[in-house]
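Just add 155 to wherever you are in the sequence shown, counting from 1, and you've got the working numbering. Idealized CB from N, CA, C, for every residue including glycine.
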Amino acid sequence: MSLIDVEFERPINPVDVIEDIAGIRDWTFERSGDDEITISSVGSWCDYHISFSWMDDLEALHLACAFDLKVTEPRRTEVARLLALVNEQMWMGHFDLWNAEGVVIFRESLFLAGGAELTSQQIEGLLANALEACDRYYQAFQFVVWAGKPAAEALEMVMFETAGSA
Numbered sequence: 156m157s158l159i160d161v162e163f164e165r166p167i168n169p170v171d172v173i174e175d176i177a178g179i180r181d182w183t184f185e186r187s188g189d190d191e192i193t194i195s196s197v198g199s200w201c202d203y204h205i206s207f208s209w210m211d212d213l214e215a216l217h218l219a220c221a222f223d224l225k226v227t228e229p230r231r232t233e234v235a236r237l238l239a240l241v242n243e244q245m246w247m248g249h250f251d252l253w254n255a256e257g258v259v260i261f262r263e264s265l266f267l268a269g270g271a272e273l274t275s276q277q278i279e280g281l282l283a284n285a286l287e288a289c290d291r292y293y294q295a296f297q298f299v300v301w302a303g304k305p306a307a308e309a310l311e312m313v314m315f316e317t318a319g320s321a
């Protein structure tokens, strides 16, 4: 028998760990099943809805962070261009467009194979990365969807950093 054939019993469901952390941190959350939890968070530009899903067969924890921004059919091509430009800059996670709902989401997964246990530092790291990415690029998506800007221009506008003080 090879190591690949060995199955590990996971003593704790990772979603239980997330629920415990959410309770300790006093985060607003809703547990929709044994393997799913959604946390609400206030960002710099809007409220975010962060869903964690445990995929037992893959031994992976999936994070999906959505924000209130409906992409209309005429703007979907330009949003797709923006997604490509933004995702080129991402080190962890990526943005997607869910066509059926017309919603932009940030997604990331944490692989916990072989019985690896989830830690509070990993959860806080996933959350921090998701919220930072959404806060950083939210306005670019707004510029494309609501102001009709081209993707490259919208991204350039949000990546502009000021230097010094007035």
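Judged by DSSP secondary structure, threonine 183 falls within the beta strand (DSSP E) whose first and last residues are 183 to 188. Under the criterion of beta carbons closer than 8 Å, valine 234 and tyrosine 292 do not qualify as touching, at roughly 11 Å. The DSSP-derived three-state label of cysteine 201 is coil. Separation of alanine 221 and tryptophan 253 (C-alpha to C-alpha, rounded to the nearest whole angstrom) is 10 Å. Leu237 is the residue among Leu237, Thr227, Glu185, Asp171 whose C-alpha sits nearest the C-alpha of methionine 312. Nearest to arginine 231 by alpha-carbon distance, out of Asp212, Glu256, Ala215, Asp211, is Glu256. In the structure shown, alanine 271 adopts coil according to DSSP, grouped into three states. Within the same chain, Glu263, Asn284 come within 8 Å of methionine 247 by CB-CB distance, once the 5 residues on both sides are set aside.
Under the DSSP assignment, glutamate 311 falls in the alpha helix (DSSP H) whose first and last residues are 306 to 314. Close CB contacts of glycine 198 within its chain, under the 8 Å cut and outside five residues either way in sequence, are with Phe222, Leu286, Cys289, Asp290, Tyr293 (chain order). Residue environment for proline 169: buried (at least 16 other C-beta atoms within 10 angstroms of its C-beta). Scanning Asp251, Val258, Val226 for the CA closest to the CA of tryptophan 301 turns up Val226. For valine 170, the enclosing alpha helix (DSSP H) covers residues 169 to 180. Around the CB of alanine 219, 16 or more other CB atoms lie within 10 Å, so the residue is classed as buried.
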